[in-house]
Structure formats: C-alpha cells, structure tokens
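**Q**
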Amino acid sequence: MTQAPVVLRLSGLSKRFGAVQANEAVSLDLRRGEILALLGENGAGKTTLMNMLFGHYLPDAGSVAVADRDGRLAALPLGQPQAALRAGVGMVHQHFTLAENLTTFENVILGAEPLFGFRRGRAAARARLKALMARTGLHAPLDERVARLSVGERQRVEILKALWRDARILVLDEPTAVLTPQEADALFATVAGMAADGLSVIFISHKLREVLAFSHRIVVLRAGRNVGGMTTASADARAIAAMMVGGALPAQPRPAQAAPGAPVLRLSGARIDAPEARRRLAPCDMAVRAGEIVGVAGVSGNGQAALAALVSGLARPSGGTVELFGQPVTRFDPAAFIAAGVGRIPEDRHHDGVAGAMTVAENLVIERLGDPAVSRAGFLRRRAIADAARKICAAYDVRGPGPEAPARLLSGGNIQKLILARVLDRKPGLILANQPTRGLDVGAAAAVARRLIAAKARGAGVLLISEDLDEVLALSDRVLAIHAGEIREAGAPATLDRDRLGLMMAGEAA
Amino acid sequence: MIRIEPREAPPRALRWGLPPLAALAALALAAIPLWLAGADVTRAYGLMAQGVFGSAFAVSEMLTRATPLILTGLAAAVAFRARLWNIGAEGQLYLGALAAVAAGTGAIDAPPWALAPLVIAAGALAGALAMAAPTVMKARLGVDEVVTTLLMNFVIILFVQMMLEGPFKDPMGMGWPQSEPMVEAAMLPRLFDRMRVHAGLLIGLAAALAAHVALSRTTWGFRVRAVGENPAAARHAGISVGRTLLGVGAVSGALAGLAGVGEVAGLKGYLTADLSPGFGYAGIVVAMLAGLSPLGVVAAALFVASVFVGADSMSRALGVSSYLADLIVALSLICVLAGGFLARYRVRMG
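These protein sequence lines map, in sequence, to chains A and B. All the letters of the first sequence, read from the start, carry residue numbers 1 to 510 under the working numbering. All the letters of the second sequence, read from the start, carry residue numbers 1001 to 1350 under the working numbering.
1) Output needed for Asp-29 (chain A): all residues of its chain with C-beta closer than 6 Å, excluding positions within five of it in sequence on either side, in chain order.
2) Using three-state DSSP, classify Lys-15 (chain A) as helix, strand or coil.
3) Counting only Cβ-Cβ distances shorter than 8 Å, please list the residues of the segment 77-102 of chain A near chain B, keeping chain order.
4) Within the segment 81-147 of chain A, note down every full alpha helix (DSSP H) run reaching 4 residues or more, in order along the chain.
5) Cα separation between Met-243 (chain A) and Val-227 (chain A)?
6) Hey, could you find the ends of the alpha helix (DSSP H) Ile-1120 (chain B) is sitting in?
7) Since I believe Arg-1196 (chain B) is in contact with Ala-1064 (chain B) (beta carbons under 8 Å), could you give me their beta-carbon distance rounded to a whole number of angstroms?
8) Starting from Val-354 (chain A), find everything on chain B with Cβ-Cβ shorter than 8 Å and list it in chain order.
9) Along the segment 475-505 of chain A, what residues have a CB closer than 9 Å to any CB found in chain B?
10) Per DSSP, Cys-284 (chain A) is paired with what?
11) For Leu-187 (chain A), which option in A:Glu-158, A:Asp-166 and A:Arg-331 has the closest C-alpha, if you only look at C-alpha atoms?
12) Could you round the C-beta distance between Leu-1289 (chain B) and Ala-1075 (chain B) to whole angstroms and report it? I think they count as a contact, below 8 Å.
13) Report the partner residues of Ile-218 (chain A) according to the DSSP bridge assignment.
14) Could you compute how far the alpha carbon of Ser-1306 (chain B) sits from the alpha carbon of Leu-1029 (chain B)?
15) Going straight from the alpha carbon of Leu-1098 (chain B) to that of Gly-1127 (chain B), what length do you get?
16) Give a yes or no on whether the minimum CB-CB distance between Gly-1173 (chain B) and chain A is below 7 Å.
17) Tell me which residues share the same chain as Leu-149 (chain A) and place their Cβ nearer than 8 Å to its Cβ, disregarding the 5 neighbours each side in the sequence.
18) Expressed to the nearest angstrom, what Euclidean distance is found between the alpha-carbon atoms of Ala-4 (chain A) and Ala-167 (chain A)?
19) At the level of alpha carbons, what is the spacing between Ala-1121 (chain B) and Tyr-1281 (chain B)?
20) Span of the alpha helix (DSSP H) holding Ala-377 (chain A)?
21) In chain B, which residues lie less than 7 Å from Met-358 (chain A) when you measure between Cβ atoms?
22) Tell me whether the beta-carbon of Leu-1069 (chain B) lies closer than 7 Å to the beta-carbon of Ile-1156 (chain B).
23) If we define contact as Cβ-Cβ less than 7 Å, is Arg-1012 (chain B) a contact residue for chain A?
24) Can you pull the chain B residues whose beta carbon is under 7 Å from the beta carbon of Gly-378 (chain A), in chain order?
25) Taking 7 Å as the threshold (C-beta atoms), are Ala-25 (chain A) and Gly-12 (chain A) in contact?
26) Compare the C-beta of Leu-369 (chain A) with all C-beta atoms of chain B and state if any pair is closer than 7 Å.
27) Using beta-carbon positions only, say whether Ala-394 (chain A) and Pro-403 (chain A) come within less than 7 Å of one another.
28) Are the CB atoms of Met-91 (chain A) and Val-171 (chain A) within a distance shorter than 7 Å?
29) Please name the residue in B:Leu-1215, B:Ser-1216 and B:Gly-1166 whose C-alpha comes closest to that of Thr-1272 (chain B).
30) Give a yes or no on whether the minimum CB-CB distance between His-139 (chain A) and chain B is below 7 Å.
31) Taking contact to mean 3 or more Cβ pairs, one atom from each stretch, closer than 8 Å, check whether the segment 425-435 of chain A and the segment 305-321 of chain A are in contact.
32) Starting from the beta carbon of Ala-1237 (chain B), find every residue of chain A whose beta carbon is closer than 7 Å, and list them in chain order.
33) Nearest-angstrom Cα distance between Ala-1297 (chain B) and Leu-53 (chain A)?
34) By the 10 Å Cβ neighbour count, where 16 or more other Cβ atoms means buried, how is Ser-1055 (chain B) classified, buried or exposed?
35) Our contact map puts Met-1351 (chain B) next to Val-1143 (chain B) with C-beta atoms below 8 Å; I'd like the distance itself, whole angstroms only.
36) Output needed in chain order: residues of the segment 306-337 of chain A with a Cβ under 9 Å from some Cβ in chain B.
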C-alpha cells in the first residue's frame, strides 16, 4: 500500500475563525487506493480541513496538490469548488445535499450535464449510470424520487453523484452518522471494493470500531493539529482514543448489578396508530423499574420515534394505558410529564432540545419556568438563573463562551451536556434517553454514559433508546428489541446471544 | 472571487452602532436623487432638520406622527419575536379606532372620568379580537398568518367603511362618511397648549417599556421568545405553543388597536376611512429598523416620523416631491438589513 503513488498532498493548511484556530499547519498525504480515516473529537477541525480541500473555505496558509491523470502532483487553486471537482475530488457531506423532489437519476446528473442538448444524452447517461452502479455495487432505484428513498439509499446516491463526476479522491464526512449498523457495513464493503479499484478515500468518523475495521491508515486531529497517524493494522482502540482526547480515557465503570424497585413507567397495551410505520407503535406491555436501565435496540425507523414521543408526553396513545410512578397518565402533554418527574433527552438535540438563539442559562431553565427558583410572580429571577447556570455548567462540564452566550455557539457535545444537565439536575425518577450519544465524540459519549449510570445508581429508571447496539449492551440491565413498532423482551445483556438479538431486531421469530 | 463566511459572534459595537450608521447611509444615498432633482442637498437637509427640530411646534408634529408608529411598530415587533407574522396592524388599527368611537361618542352611559379609560380598553380589546381568528387558525390548522392577517386588513377596512356609511354615520356630517364626533371627556388630553401631541404618546412609551420588561424579564416573554426561536424545542420543554401564540397575537393586536385609539381619540375626534396613511404597514418597517427590540421601536419610530415630517416641510420649500420621505425610509431599511448581514458574516475578497 505504501508503494502506491501519492494522489493528494495537503501542506501546512491553516484556518482561523475569529478566536478559534480551526486548523493549524495540517499536512497529510493520501495514496492511490488508500482508505484514510480522519479521526478527532468534535471541533478538532476535521470538517474544516475537508472544506478547505474542497474549496468551500479559503485557507489562511498552506496548499493543496492533487495528482492529475498522469499521476503528477499539481497545485489546486484554493477556494474554488469547481477546480476541486475538475481535479477529481468528490465530497459527500454529512448532511445530504440532494433535491428531494427529483429522482435518483436526475440528482446524479444534476449540474454535471450541459444545459442544452440535455434530453438527447439522457439514454446514454442512464446506461452510464447503470454501469457505474453495477461496477461499484452502489444500487439505488433510478426513477424513484429521492424523498422516498431510505437514508442508506440517499447516501449511495450522494456517492454516485461524486463518482459520476469522475472523482478519484472521495471524501466522506461522517458517512455512517445516520446509517444503521447493517447499512454502514454494506457501505464500507462497497467503499473497500472501490478502493481496490484505485479510488482513494478519506473518511471522517469518530466511531473507532468502523475506523479499525475498514481503514488502511489513521490520522488523528486534535485541536486543529495533525497529532499523528498509524497504520490501522498496528493500531488499537485505546491508543487511538487516548490520542484523540490527548490523554488516557477514564475507564468506563461497569453498571452496578441491578436491584430494581417499583415500576416508574408501565405501558399496558399502549399503542399509537399512524399511517407511517416509523410513527406506529403496536400494543405494547413493558415496564421500567426504579434503578434499572432498559435498553431498546432496533434499526432506525422501527417505531422508536413513536415510543419516545409517548414517553416524552408529545403523543397520546391511541389505546391502552400509560402509568408513571404507579399513577395512570390522563394528560398527555410534555408539561405534565415534566411535572410528574420524567426527564427527556430528545433524539434530535438541535431540533427539539435547545432554542439556539437563547442563552445557555435560559435553555437550562426552559422546562421549569414556574419553579420558585426560576420565577416569582411571573418575573424571571435573572440573577438566580445566572448563578444556577454557572454552577450547573461547572458540575456537568458544559464548555463554551459562558452561560450568557447563545446556546447555538456550543458544540454538539456541549449542547448534549447542557440537555443532560437540564434533565438530570432535577433528579427525575424516569429518564428517557433517546440516542443520547449519537454524533458525540468518545469523550462526550463516555460522559453521557457515566451520567446515566449515576442516575440509575441514585434510583432512577432509565429507558435508553439507541441504534448503537454496543451502547445498548454496555449500559442496559435489560434489553428490548423493537421492530416495525413491536417491542419484545430480549433479556439481560450477560445472557444475551447477539445473533438472536439481531434476528429480533430484523423481525424474525426468535 | 468574493466569499462570505459566518462570524462567530457579531461584534458588540457593530450591533449598537449599526442602526444610526444605516440611517446616515440612507440619508447619504438619498442625496443622489435629491441632487438629480436639482436641489441644493445641504440646504434640503437643513430645511428637513428645521422642519423637525426648528420649533416646538415642529417637534410636536414629529411626536404626533411618531405616536401611532411606536404602537404599530410594537405590534409588529412583539408578534415577530414569536415568529407570528402579523401583517394586519393596519386593520387592527381601524378596528381599534372604530371601537374607540363606539365607546366614546356618548352613546354609553358612563361617568365622565371613566370614558377615556373605557375608550382605550375598547380599542385595545377590538385590536386583540381582530388577531384571534388568524392566530387560532395558525395554531390549530397551520394556516399561514401572513395571508390571513394581510387579507383581514381589507375586510376590516371595508367593514369600517360600511359602518361609516351606516350605523356610525354622523347625521350632522353633511353626508360625508364619517362618524359622530367623540365627546370631550372621551378624548385623550393634549400634552401642551396649542400643540397636537397628545397622551397617546405616553401610552406608546409606556407600552414600549412594558413590552421590553415583559419580553426580557417575565416568564411570558421567555415563552414568546422560545416559541419564536424554536417551536419544536419549546413544545418539547412543555411550553404550549398554541396558547403562547394566542397570547402574543392578542397583545400585538391590542397594541395596533391602541394606535387607532390614539389617532381617533387623541387627534381627529371622529373616524373617517382615511384615518391612517398606512401606519400599520409602516409599523413593520419600524419594527425591522429596530431589530424587533421594543425600546428600539421608539427610536425607529422617531426616526421614521422625523423623515416624514421633515421631508414634508422640505418638499414644500424646495418643490421636491415628498415621496423622498418614502425613499429615505426604504433606503434605511435596506441599509439596516444589509448591515445586519455584514454583522453576521464577513465578506472576503480573493
């Protein structure tokens, strides 16, 4: 592998945004046919680096060279996405950039075809795209509108779009953030095949498992700098994690053996009828008891959203009953659930978790405006709110410009810590944690896990919904499998057979 | 190549300095058409300043003009903070004025000391009710309030015209479509002798202060801002989005209704269908110039009123079209919006 020629060379790239040095003198080489994993915590500068390569940002210093067709490195004009495209650099962003109202075919050729004489070339283009799909194994229905495709299919369309423009260097920014484990594995198998055919790939990730499984070489960024790399064959997870956070990780405490108490949540035949499968919940009997973590494992879009909405107070059951702390629920609205003592960590922390333009302090009290510690006679106690915010931010390690800064200035991991602080500081008896570590770096994810375990030790019941099977197995005392809105008991992780759980998640009888 | 990059946080000086800078830029830009029209630019602006600040009477006229703008500006600013796009202040103003006249022409048997408060309350209530249907439709059915509030303007103004031709018509009005005059006790007092500026200005200033305190320091204002910032997160946090919108809609409508009260009970004394030269719409501009800040609304309303009053007297003296006032206000708005963009993004060449 090391004998292959260099196809991309970044030399001394630096970029500063205001007070933040996003990248500092980052250099790296990429060889032909190589899969390079770019690792780093949130805010380490991975995405900024790739945006400079692709011309979205203009570097403050440094240069980019890309091999031309004859393999000679030529400097790439900086700050011009068109030049990067012409040089054969393709980028697949973390957030898709597809036109949902167009078909797969139209999305792929969009912008790559001449404006006129477009119809004539259509048949040829279709044939070429079909050939491309066959060659790469990236299949997606050609004439289906993208809005109707699954997330995994959309990702494949994004990659096809890049390859269609003859990309020889492919950048994947957190390609598996929205994929199920099965979809992720399929994606990497395909990417590995394409790399064997000479495609060079950089993928950004902070999931160590997939990095170790699929990359050839690893480069770690920390605080905007390239702090070293290694071949994957010689790497091990702990060493990389330590490199990412700049020190040894605190050992993850094992959850204490469960001594569960009375049920804090009980669903009896509760169901939600909905036309879409992902919003449907089949009649369900389950309970979460005080002092236990119940994990719900499932492939995304199998009714987790409906279950979470029910336990958050956002949805009313179409039938059956919901009991909180032994009392049947009559008012299904979030305020009633909060008042009853349910702490909710929403799946989409930006969409449902925080009001970005409001301050960190305000976001910390948004769920308890009527609390005498927060308001008196309808007036906010601003001093008390600010003081409490400072304390909570320190206790929960919420890092950012301070409690009076808008919450949107926080990084994803710190926004999640803010939500955790808001939820856990009230010592709720039941905690709904919906995808609590999605998109978080290892350090932040470990902090979230520690907090949930501590809450359980305090006597709270935790309902953990996660698509990360490893997380469910590591944290839960009991595991439930959800498929097509149906929830089934799978057992305790210690006695659980992974294959059997996999079958239950896929809806097979087990 | 020009590229645009977001700033981490807008510099403080830029945020506060921006509105006055934009106003100056607008005046500088407006000098071009003024010069093209053949006017002496320095003399024109001198006349304009004189028309606003040259005498106590001029200041009074400016403040009289600013009064409804403060209230309609607040109506827009408060609603817009909740992302409730109330474009219907013009109609709410007329409905407020109609209610004020209904309560204030002596038809109601009330002690004289209670008449003016009654007129004020009636106007505010009418404005608030005018917002009820659009907000309920938005909260329950997701109907776009921009469309409903805008169209309500025409419905309400035609309704007011119908009333002025019908039950509200002044029998002594020589056939003109105007209401009976309000009784003296129902009128808002003038603040100074022989000046038109009236107590409506105090209502506007008090409302601005109240709105500022309510938005920044009360749980109500917190809910309004949370719903405006992120309705999904607000709902998740147990804030009732529908109830908050209903409340903020009512407050917004009431403020616009108060603008109508001021015009009819502070100034004209009777209602005609040409009571407002578009104060409701100008309020939107005022609110945007103010960056939706209630205290900023006062400053922006004073600026817009100065431009209008000043341009009036300048155009009379120089024979330049008084549409120049519209031009200056429009340019200010563009400058503020462009400036807001520059505060949030950095433009780089290269």
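For glycine and all other residues, C-beta sits at the position ideal for the given N, C-alpha and C. Computed from a predicted model, the values in this text were never measured in an experiment.
**A** Short version:
1) Val-6 and Arg-9
2) strand
3) Gly-79 and Gln-80
4) Qualifying alpha helix (DSSP H) stretches, in chain order: 81-86, 104-109 and 122-136.
5) 7 Å
6) In the DSSP annotation of this structure, the continuous segment of the alpha helix (DSSP H) that includes Ile-1120 (chain B) starts and ends at 1112-1141.
7) A small correction: the amino acid at residue 1064 (chain B) is Thr; Ala does not occupy that position in the sequence shown. Indeed they touch by this definition, with Cβ atoms about 5 Å apart.
8) Near Val-354 (chain A) (Cβ distances below 8 Å), the residues of chain B are Asn-1230 and Ala-1233.
9) none
10) A:Ala-270
11) A:Glu-158
12) With a Cβ gap of about 15 Å, Leu-1289 (chain B) and Ala-1075 (chain B) do not count as contacting.
13) A:Ala-37 and A:Met-230
14) Those two C-alpha atoms are separated by around 17 Å.
15) 10 Å
16) When Cβ-Cβ separations below 7 Å define contact, Gly-1173 (chain B) makes no contact with chain A.
17) Thr-104, Ala-140, Pro-141 and Val-157
18) 18 Å
19) 23 Å
20) Note, Ala-377 (chain A): premise wrong, no alpha helix (DSSP H); not H, not E.
21) Those within 7 Å of Met-358 (chain A) in chain B are Arg-1225, Ala-1226 and Glu-1229.
22) Going by C-beta atoms, Leu-1069 (chain B) is not nearer than 7 Å to Ile-1156 (chain B).
23) no
24) Thr-1218, Thr-1219 and Trp-1220
25) yes
26) yes
27) In this structure, Pro-403 (chain A) does not lie closer than 7 Å to Ala-394 (chain A) by Cβ.
28) yes
29) Measuring from the Cα of Thr-1272 (chain B), the nearest candidate turns out to be B:Gly-1166.
30) no
31) yes
32) Pro-334, Ile-366 and Glu-367
33) The question names Ala, but residue 1297 (chain B) is Val in the sequence shown. Computed Cα separation, rounded: 46 Å.
34) exposed
35) The structure shown does not extend to residue 1351 (chain B), since chain B is modelled only from 1001 through 1350, so no value can be given for it.
36) Ser-312, Gly-313, Leu-314, Asp-333, Pro-334, Ala-335, Ala-336 and Phe-337
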